[in-house]
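Some notes on the structure that comes next.
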Amino acid sequence: MSNMTLSQKVKYGAVAGALALSNVAFAAATDPTSAIADAQTTILGIVAAAGAAFIAVALAGVGWSVGAKFIKRIGGKA
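For the sequence shown, position 47 (counting from the first letter as 1) is numbered 442 according to our numbering, and the numbering increases by one without interruption.
Here's what the structure looks like:
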């Protein structure tokens, strides 16, 4: 796993955290209705965590490229 990019590590970490939290909710559910509701909540949590990780990585990539252009531009003027 050493050749994984930072974005992959962030996504996998977010999903693993959501799954770990979901195991607690499933252990507490005794009837089918609450189990289904807990599963829906868990799935929405996983989607939200993965989406947030994706957005964070995308913004970091944009910031990196803008910063690189800025440094390249001021390189000759320093």
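We put the beta carbon where it would ideally sit given N, CA and C, even for glycine.
Predicted model, so just to flag it, every value in this text is computed and none were measured.
The distance from the Cβ of A444 to that of A409 is about 4 Å, consistent with a contact at the 8 Å cut-off. Counting the other Cβ atoms within 10 Å of the Cβ of K406 gives 16 or more, which makes it buried.
One alpha carbon belongs to A463, the other to G440, and they sit about 34 Å apart. The three-state reading of DSSP puts G408 in helix, counting H, G and I together. Taking all protein chains shown into account, A432 has fewer than 16 neighbouring C-beta atoms within 10 Å of its C-beta and is therefore exposed. Looking at the backbone, the Cα of A415 and that of F465 are separated by about 41 Å.
A direct Cα-to-Cα measurement between K404 and A447 gives close to 13 Å.
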